[in-house]
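J.: Residue numbers (UniProt numbering): 1 to 310.
Structure provided below as structure tokens; questions to follow.
Below, the structure is given as structure tokens:
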């Protein structure tokens, strides 16, 4: 029996978490799946532990990332995409937990509406496994999503995390993850996919539980890891170029990237954003001058705050 869904999981040194994740996959109500576990060069016991765990279940397939694919999430996932045999593709991380109705819910919606993707909500947890509750009768808010809604994904008003979307496999026929990116790689990749005009839905149901812990990419981002921050900035510049090339740069997108430029205190990003949005000369000057004055204004606001405490 050919798998209907290909689960792709990149893994690196997750011996302490990955079996919990695999257990949650094994409990899926939908049975027509394969799980491609792509080891990204683990130096702990991950490979051995996983190999033993999956020995009696041929739906799990353990592979090592070949050298022709770059080290990192993007390279491992791209290799997984090439190996996938399912009609649908979904990405799970090696330290998270998946409710048993994840695959069945997504496949039902994908089939019912004949759409290219199904995006759902996630919920974070720390350390100890959470109690996963599955609603017997779930009434979800359903929003249809097309190319005109791409600004919602870009700005995060409808967040597209790497592990919260099931895709038709054909969505990756022309686009793959950028293997030069270590952070925001899914944001940049999903932008390119949506610009091709694929249509889908966003549902309000929580179908994924993401674990928060030290060592995760998100943790490194908030810890201001320089390599992660560099990748984030590169992804931003790439996304602006993608949107500009399709002449999609509305007011909401402009505001989002202006805020990013202020947040990062990045004059080059500010100018790139204003040029992409075809901002007039006077308005452009106002934004650039405001950005240059931002350190002074922050200092003034800080002093005012100190005076109020006296």
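C-beta atoms are modelled at their ideal positions from N, C-alpha and C, and glycine is treated no differently.
(1) Could you spell out the range, first to last residue, of the beta strand (DSSP E) harbouring residue 5?
(2) Can you name the start and end residues of the alpha helix (DSSP H) that residue 69 belongs to?
(3) Apart from the five residues on each side of it in sequence, which residues of its chain come closer than 6 Å, Cβ to Cβ, to residue 95?
(4) Taking the beta carbon of residue 145 as the centre, do at least 16 other beta carbons fall within 10 Å, making it buried, or is it exposed?
(5) Enumerated in chain order, which unbroken segments of the beta strand (DSSP E) with a length of 3 residues or greater are wholly contained in the UniProt domain "Glycosyltransferase 2-like" (6 to 165)?
(6) Taking the alpha-carbon positions, what's the residue 256 to residue 59 distance?
(7) Could you say if the segment 148 to 168 and the segment 186 to 206 meet the contact criterion of at least three C-beta pairs nearer than 8 Å?
(8) Per DSSP, which residues does residue 212 bridge with? Please list them.
(9) Taking 8 Å as the threshold (C-beta atoms), are residue 84 and residue 169 in contact?
(10) Could you pull the start and end residues of the alpha helix (DSSP H) that residue 190 belongs to?
(11) Nearest to residue 116 by CA position, among 237, 248 and 196, is which residue?
(12) Between which two residues does the alpha helix (DSSP H) containing residue 266 stretch?
(13) Measure the Cβ-Cβ separation of residue 242 and residue 191 and say whether it is below 8 Å.
(14) Among 124, 35 and 91, which residue has its Cα nearest to the Cα of residue 118?
(15) Report the rounded CA-to-CA distance for residue 179 versus residue 72, giving the unit in angstroms.
(16) Contact check, residue 9 vs residue 37 under 8 Å by CB: the rounded distance?
(17) With distances taken Cα to Cα, identify the nearest neighbour of residue 163 among 147, 173 and 186.
(18) Which of the three DSSP states is assigned to residue 207 in this structure?
(19) From the beta carbon of residue 154, is the nearest beta carbon of chain B less than 8 Å away?
(20) Would DSSP call residue 243 helix, strand or coil?
(21) Can you tell me whether residue 289 is buried or exposed, with buried defined as 16 or more other CB within 10 angstroms of its CB?
(22) On the DSSP bridge list, what partners appear for residue 230?
(23) I'd like to know whether the C-beta atoms of residue 107 and residue 4 end up nearer to each other than 8 Å.
(24) Where does residue 291 fall in DSSP's three states?
(25) Expressed to the nearest angstrom, what Euclidean distance is found between the alpha-carbon atoms of residue 293 and residue 79?
(26) Looking at the structure shown, is residue 326 part of a helix, part of a strand, or coil, going by DSSP?
(27) Check residue 201 in the structure and name its three-state DSSP category.
(28) Within this structure, are the beta carbons of residue 231 and residue 182 separated by less than 8 Å?
(29) Taking residue 51 as the reference, which of 19, 167, 173 and 207 has the closest Cα?
(30) Among 267, 249 and 248, whose alpha-carbon lies nearest the alpha-carbon of residue 233?
(31) Helix, strand or coil: how does DSSP classify residue 283 here?
(32) For my contact list, residue 261 and residue 279 are in at a C-beta cut-off of 8 Å; report their separation, rounded to the angstrom.
T.: According to the structure data:
(1) 5 to 11
(2) Careful: residue 69 lies outside any alpha helix (DSSP H) and carries neither H nor E.
(3) 14, 17 and 211
(4) buried
(5) 33 to 39, 60 to 64, 88 to 91, 117 to 126 and 142 to 145
(6) 42 Å
(7) The segment 148 to 168, when compared against the segment 186 to 206, does touch it at the 8 Å Cβ threshold.
(8) 126
(9) yes
(10) 185 to 194
(11) 196
(12) Per DSSP, residue 266 belongs to no alpha helix (DSSP H) and is neither H nor E.
(13) yes
(14) 91
(15) As the crow flies, the alpha-carbon of residue 179 is around 7 Å from that of residue 72.
(16) 5 Å
(17) 186
(18) strand
(19) Looking for chain B here will not work: only one protein chain is present.
(20) helix
(21) exposed
(22) Its beta-bridge partners do not exist; DSSP assigns none.
(23) It is a contact, given that the beta carbons lie within the stated cut-off.
(24) helix
(25) A direct Cα-Cα distance of roughly 47 Å separates residue 293 from residue 79.
(26) This structure cannot speak to residue 326, because the chain is shown only from 1 to 310.
(27) In the three-state DSSP reduction, residue 201 falls in the strand class (E or B).
(28) yes
(29) 19
(30) 267
(31) helix
(32) Not a contact, Cβ separation roughly 12 Å.
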